[in-house]
């Protein structure tokens, strides 16, 4: 399975502009360029929580796909927002457990301007 092609053809990820930039054996990284229409604040461009969540979920899924070579629907995801995302965002994800039916991935989301950690997430995905 061509992981980058799979995620590049995902309509919702395309709509938001999510890019998978690196995928390798249980690790993935991705990026989203912030723009006004993704903001929750009319006075200052600040990532809406749904944008941050989608980036974490998509990059987390890519990390797991790199291990199982098939699509992995999200079962559950928990996210903690730690700071406002005031610029472009990048995410790093690592598989922490891969079972026969489910896999677990940890994801950190950073502001690219100063590497501030803006969110941490744990996703659970169906693998079998």
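In UniProt numbering, the protein residues as written are 1 to 128.
The beta carbon of each residue, even a glycine, is placed where N, CA and C say it ideally should be.
Counting pairs of beta carbons, one from the segment 100 to 108 and one from the segment 37 to 46, are three or more of them closer than 8 Å?
no
Start-to-end residues for the alpha helix (DSSP H) that takes in residue 33
Residue 33 -> no alpha helix (DSSP H), and no H or E assigned at all.
To the nearest whole angstrom, what separates the beta carbons of residue 30 and residue 91, a pair I think is in contact under 8 Å?
5 Å
Quick check on residue 51: does DSSP put it in helix, strand or coil?
helix
Top-ranked residue by Cα proximity to residue 24, from 34, 58, 37 and 62:
62
Which whole-angstrom value describes the C-beta separation of residue 16 and residue 47, a residue pair presumed to lie in contact below a C-beta threshold of 8 Å?
Rounded, the Cβ-Cβ distance is 10 Å, inconsistent with contact.
Classify residue 82: buried if its beta carbon has 16 or more other beta carbons within 10 angstroms, exposed otherwise.
exposed
What are the start and end residues of the alpha helix (DSSP H) that includes residue 121?
Residue 121 -> not in any alpha helix (DSSP H); beta strand (DSSP E) instead, spanning 117 to 126.
Collapsed DSSP secondary structure at residue 42 in the structure displayed
coil
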